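Respectively, the protein sequence lines represent chains A and B. In terms of our numbering, the first sequence opens at residue 708 and continues consecutively. In terms of our numbering, the second sequence opens at residue 708 and continues consecutively.
There are 2 protein chains.
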Amino acid sequence: MELTCGSGSEREVLLELVREAISASNPYTAVKNSLSVRDSAIYVNGQRIGEFRNVYMLAVGKAACGMSRAVMEILDVREGLIVTKRGYAEDCPRRRGIGVLEAGHPTPDAISIRAGEMGLKLARKADEGDVLLVLISGGGSSVFELPESGISLEDIVKTNELLLRSGARIQEINTVRKHLSRVKGGRLAMEVRGTVISLIISDVVGNRIDAVASGITARDPTTFKDAYEVLRRRGVWDDLPESVRLHISRGLMGKARETLKRDLPNVHNFIIASVEKACEVIARRGAEMGLNTAVLTTQLEGEASEAGLVIGAIAREVALADRPVRKPALMVLGGETTVTVGNAEGTGGPNQELALSAARKISGLPVVLVAFDTDGTDGPTDAAGAVVDGCTLKELERAGVDVDGALREHDSYRALDRIGALLRTGPTGTNVNSMVLVMVGRPNAGPQDSPKQPKGSYTLTRTDHGARHGG
Amino acid sequence: MELTCGSGSEREVLLELVREAISASNPYTAVKNSLSVRDSAIYVNGQRIGEFRNVYMLAVGKAACGMSRAVMEILDVREGLIVTKRGYAEDCPRRRGIGVLEAGHPTPDAISIRAGEMGLKLARKADEGDVLLVLISGGGSSVFELPESGISLEDIVKTNELLLRSGARIQEINTVRKHLSRVKGGRLAMEVRGTVISLIISDVVGNRIDAVASGITARDPTTFKDAYEVLRRRGVWDDLPESVRLHISRGLMGKARETLKRDLPNVHNFIIASVEKACEVIARRGAEMGLNTAVLTTQLEGEASEAGLVIGAIAREVALADRPVRKPALMVLGGETTVTVGNAEGTGGPNQELALSAARKISGLPVVLVAFDTDGTDGPTDAAGAVVDGCTLKELERAGVDVDGALREHDSYRALDRIGALLRTGPTGTNVNSMVLVMVGRPNAGPQDSPKQPKGSYTLTRTDHGARHGG
């Protein structure tokens, strides 16, 4: 198969898919697409939930403003509270009866506690016949918190820090957090007499609803015993604040309240946006374009450069042996890879590093790969990710870039920037984690009549999500 | 889907496939399956090569003895030379006219050079009407060598060491090696007036015939200029032995002989065993068992534990969402992962580490995964690899194993041994690299009436390759 380097049309197709993935997962759009009112009844995803007297709204997380805006265009909200990360409230709807708080993230602060108090109060207002609409997105765990009595904010922060330093996994940390809180682990939902409808945007690999924003309306599978075992296993028990040890001990003896352990009939949780849904949207679009599509996984994890090698190896197999998918093929992956920086002083992000690493495996083959964070920010850079193809390795070498060295130094940003392979979208307002799209071969259908563009920095503008090519 | 922990029947199916993969790739078997004589003519894979007066045989590499034995059962060999790694000649055929040499590996020694001289002499004996049967397997690059005149064995060894220390990739090292040798890079084949039939067992990811044993009968795509650029790029040029610098410089000026640059009509190269072929055999067998099979890649690379996470993520997707393959599914991967040990003091191998890492992602799911080295030796251990399933993580935790810690310390062997998850085959005589087989769900057809065995150390015995279960 001939490899046409420098032709932008395959990249154009992929960038179109990137735009669609970001737009389909946009918080405002996701609420608009899932929530509706017909004959005075509320529907979610076409499912009738019921008619309600009063609508209360509690939005927590980084996407709280966008989600609230959509809700307030659809429903008549009697009273609401929007809690988001400091600096994220710019496009928040402002109205009498709708409180807006900007709280600490990634570490909770006094405003987070105030938000927890106010949120709990609001939740209790939703009486039988009323509905509490809970809008949940990533970051909610930090901006919305209310510790059990006797436990201070400082105790919570210190416990978090101890666990983080001990190498505990995020699931383990969440298990502990939930058992120190009066709102997490479904505890908020337990306070509501009316109906609860939670619309959830998941930024968590695996889409466990109890994991997004520590699941304030979700059943919690973990127990005080689990929390205790985490603290013991990670060797932090003895260093914990006295109040935390006391509360966990009381829990073990059945003297403290457990998290929500059953499905409440008045609580309805819906994931309305997630990397899984975004992957499915893209797979459908790819199929419409005549591509043989396969969602390889929606639970991608691991060290970015190594994941890039494995994904590159699969792309190579498609290119050379027409398997596991026949050409023209589109493979879609969702999830979150990580970069272990160590002492390296380079600049980059997991998606850039994944793409740069994969470029080594697809060199000379008719493969185009884009890896990007749906929020538009990959690592501490102004890029969302990168686009690489079968010519990228040669281009990098021609530009004098030592690819192995750049990967070793975690300096993917500068390497990719030299050949205009970075993808820049600006902040998207969307956050359903990262995606990797791999196209092998040329789609039969698709925008073939689109003008060939010179290669360059691929920029998705914020307003129209249209592709633009810079120097 | 229900997860039946402790039932061995899914494992039985996978172990049966392991046995078939190893047996199909066995050097003796591979030659027997590909080489034949009908009406005095030699056939390879059913393709008629021709009738020949005299048959000469040159076998180099770790599998040289087994391959030779098969050839000598099929053909009347007039004269031959078998060159293998020291200690690998036990089952070598011994006969008048067949020389056997045991040479250095991984570093060439004086016997390697003696082998190169004798091999070149033998190759020149094959006149028009004769055939030189060349049997190539991994390790050939070291046990069979003849430097260009003026370059000593020490110069070759020093150049190799410099390149290895510089972080050069194996392809780069081979590019240099080929341009210092009178046998590598197709140079041996250029000396033969008669017909050359090369039967190649590939232990190289990607199956480039010029890469196995430095391609003594294969066209070489690299040039003196490439070799020079490698030496410059890796910063070793100034430290090279004078003789090496001189020879490369002469090559750049067109005054030294280039490697083979075209397909010679009298040379026929066949890959008769490789991880790719083994993957295809297993995929066919899986399909016969009623499993939906997919070869994900035959070019797997990367850090073992991270590859395990990605493969685990794909298995998870199959288990939870029936994609990219529907259940019951068998996914097959081939290649070679690596373990970057650093200062860790654990015991293990890449396949064990891959399996242990993947166990974290498949926990609670109806997945069985086996990762193994086809040569029976994974890292510096007595295990070939490991078998893990949806219960493994829980079993490890119950046994008090800190899984993340074991991975961090590269101590997969001891962790897996505690729960009897190691796969022991003993030396197999086969070496086509490593494979990963992942079964999700239960096969409809298959050995369902086989007695359920208690879980334990899964041992494949050397003689009959039959599964046995120990304590």
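Glycine included, every Cβ here is placed at the ideal spot set by N, Cα and C. The structure presented is a predicted model; accordingly, all values stated were derived computationally and were not measured.
Assuming residue i contacts residue j under a Cβ cut-off of 8 Å, what Cβ separation, rounded to an integer in Å, is found between them?
| i | j | result |
| --- | --- | --- |
| B:Leu1114 | B:Ser1012 | 5 Å |
| B:Val841 | B:Thr866 | Between B:Thr866 and B:Val841 the Cβ distance is about 25 Å, and since that is not below 8 Å, they are no contact. |
| B:Val982 | B:Ala990 | Actually they are not in contact, since the Cβ atoms of B:Val982 and B:Ala990 sit about 12 Å apart, beyond 8 Å. |
| B:Val762 | B:Asp783 | 6 Å |
| A:Arg1067 | A:Leu1100 | 6 Å |
| A:Leu1016 | B:Glu879 | That belief does not hold up - the Cβ atoms of A:Leu1016 and B:Glu879 are roughly 17 Å apart, past 8 Å. |
| B:Ala833 | B:Val899 | 5 Å |
Looking only at its chain, what residues have a beta carbon closer than 6 Å to the beta carbon of residue i, apart from the 5 residues adjacent to it on each side?
| i | result |
| --- | --- |
| A:Ile749 | Ile756 |
| B:Arg1169 | Because B:Arg1169 sits at a pLDDT of 36, beneath the cut-off of 50, its placement in the model cannot be relied upon, and the point is left open. |
| B:Ala918 | Val911 |
| A:Met708 | Any reading at A:Met708 needs caution, since the residue's pLDDT is 40, under 50, leaving its predicted position unreliable; the model's value is listed next. Pro1073, listed in sequence order. |
| B:Asp933 | Thr882 |
| A:Pro1158 | Caution is warranted here: a pLDDT of 43 is assigned to A:Pro1158, below 50, making its placement in the model unreliable, and the coordinate value is therefore given only provisionally. Correct list: empty, nothing qualifies. |
| A:Val1025 | Val1032, Ala1036, Val1147 |
Look at the Cβ atom of residue i, then the Cβ atom of residue j, and state whether they are nearer than 8 Å.
| i | j | result |
| --- | --- | --- |
| B:Gly806 | B:Ile789 | yes |
| B:Leu808 | B:Ala822 | yes |
| B:Pro815 | B:Val864 | yes |
| B:Thr1081 | B:Asn1140 | yes |
| A:Leu967 | A:Arg894 | yes |
| B:Ala1220 | B:Gly1148 | For chain B, the structure presents residues 708 to 1178; residue 1220 of chain B sits outside this window and is missing. |
| B:Asn733 | B:Ser741 | no |
| A:Ser844 | A:Ile916 | no |
| B:Val1032 | B:Leu1144 | no |
| A:Val937 | A:Leu887 | no |
| B:Gly1042 | B:Gln1006 | yes |
| B:Ile1069 | B:Leu1076 | yes |
| B:Leu906 | B:Tyr935 | no |
| A:Val838 | A:Gly901 | yes |
| B:Val974 | B:Thr924 | yes |
| A:Ala870 | A:Asp946 | For the record, residue 870 of chain A in the displayed sequence is Leu; it is not Ala. Contact: no. |
| A:Gly826 | A:Lys769 | no |
| B:Cys986 | B:Met764 | no |
By the DSSP assignment, the alpha helix (DSSP H) with residue i in it spans what residues?
| i | result |
| --- | --- |
| B:Met779 | 771 to 781 |
| A:Tyr935 | 931 to 940 |
| B:Ile1021 | 1011 to 1028 |
| A:Glu758 | From DSSP, A:Glu758 is part of no alpha helix (DSSP H) but of the beta strand (DSSP E) over 754 to 758. |
| A:Leu1100 | 1099 to 1105 |
| B:Lys1068 | 1057 to 1069 |
| A:Ile729 | 716 to 731 |
Output needed for residue i: all residues of its chain with C-beta closer than 8 Å, excluding positions within five of it in sequence on either side, in chain order.
| i | result |
| --- | --- |
| A:Asp1156 | Here the model assigns A:Asp1156 a pLDDT of 43, short of 50, so the residue's position is not dependable, and the following value carries that caveat. Excluding positions up to five away in sequence, the list is empty. |
| B:Glu861 | Pro948 |
| B:Tyr735 | Gly773, Met774, Arg776, Ala777, Gly1136 |
| A:Pro1154 | Here the model assigns A:Pro1154 a pLDDT of 46, short of 50, so the residue's position is not dependable and the matter cannot be decided. |
| A:Tyr1120 | Gly1053, Thr1054, Gly1055, Gly1056, Gln1059, Gly1086, Thr1088, Ala1090, Leu1129 |
| B:Gly804 | Val784, Arg785, Glu786, Gly787 |
| B:Lys984 | Ala731, Ser732, Ile978, Val1139 |
| B:Val1108 | Ala1122, Arg1125, Ile1126 |
| B:Pro800 | Cys772, Ser775, Arg776, Met779, Ile789 |
Can you list, in chain order, the residues of its chain whose CB lies under 7 Å from that of residue i, leaving out five sequence neighbours each side?
| i | result |
| --- | --- |
| B:Ala1152 | Low per-residue confidence applies at B:Ala1152: pLDDT is 49, beneath 50, and the placement is therefore not dependable enough to give any value. |
| A:His1117 | Val1046, Val1048, Ala1051, Gly1053, Gly1055, Glu1060 |
| B:Asp1171 | In this prediction, B:Asp1171 has a pLDDT of 34, which is less than 50 and means its spatial position is unreliable; what the coordinates show is noted afterwards. So no residue of the chain qualifies. |
| A:Lys885 | Lys891, Gly892, Ser921, Asp927, Thr929, Thr966 |
| B:Ser873 | Arg941, Gly942, Val943 |
| A:Arg1105 | none |
Residue i versus chain C: which residues are under 9 Å apart at the beta carbon?
| i | result |
| --- | --- |
| B:Asp1111 | In the structure shown, chain C cannot be found, because the protein chains are A and B. |
What are the start and end residues of the beta strand (DSSP E) that includes residue i?
| i | result |
| --- | --- |
| B:Tyr735 | Premise fails: B:Tyr735 lies in the alpha helix (DSSP H), 734 to 741, not in any beta strand (DSSP E). |
| A:Tyr750 | 748 to 751 |
| B:Met764 | 762 to 767 |
| A:Met1038 | 1036 to 1042 |
| B:Leu1003 | 999 to 1007 |
| A:Ala796 | Taken as a continuous stretch (DSSP letters only), A:Ala796 belongs to no beta strand (DSSP E), as it is neither H nor E. |
| B:Glu1141 | The residue you asked about is not Glu; residue 1141 of chain B is Ser in the sequence shown. Taken as a continuous stretch (DSSP letters only), the beta strand (DSSP E) holding B:Ser1141 covers 1141 to 1147. |
| B:Ser909 | Note, B:Ser909: premise wrong, no beta strand (DSSP E); not H, not E. |
Practice item. List in chain order: all unbroken alpha helix (DSSP H) runs of 4+ residues lying wholly within the segment 804 to 890 of chain B. Key: 817 to 832, 847 to 850, 860 to 872, 877 to 885
Practice item. Scan the segment 951 to 988 of chain B and note each continuous beta strand (DSSP E) run of 3 residues or more that stays entirely inside, going in chain order. Key: 974 to 980
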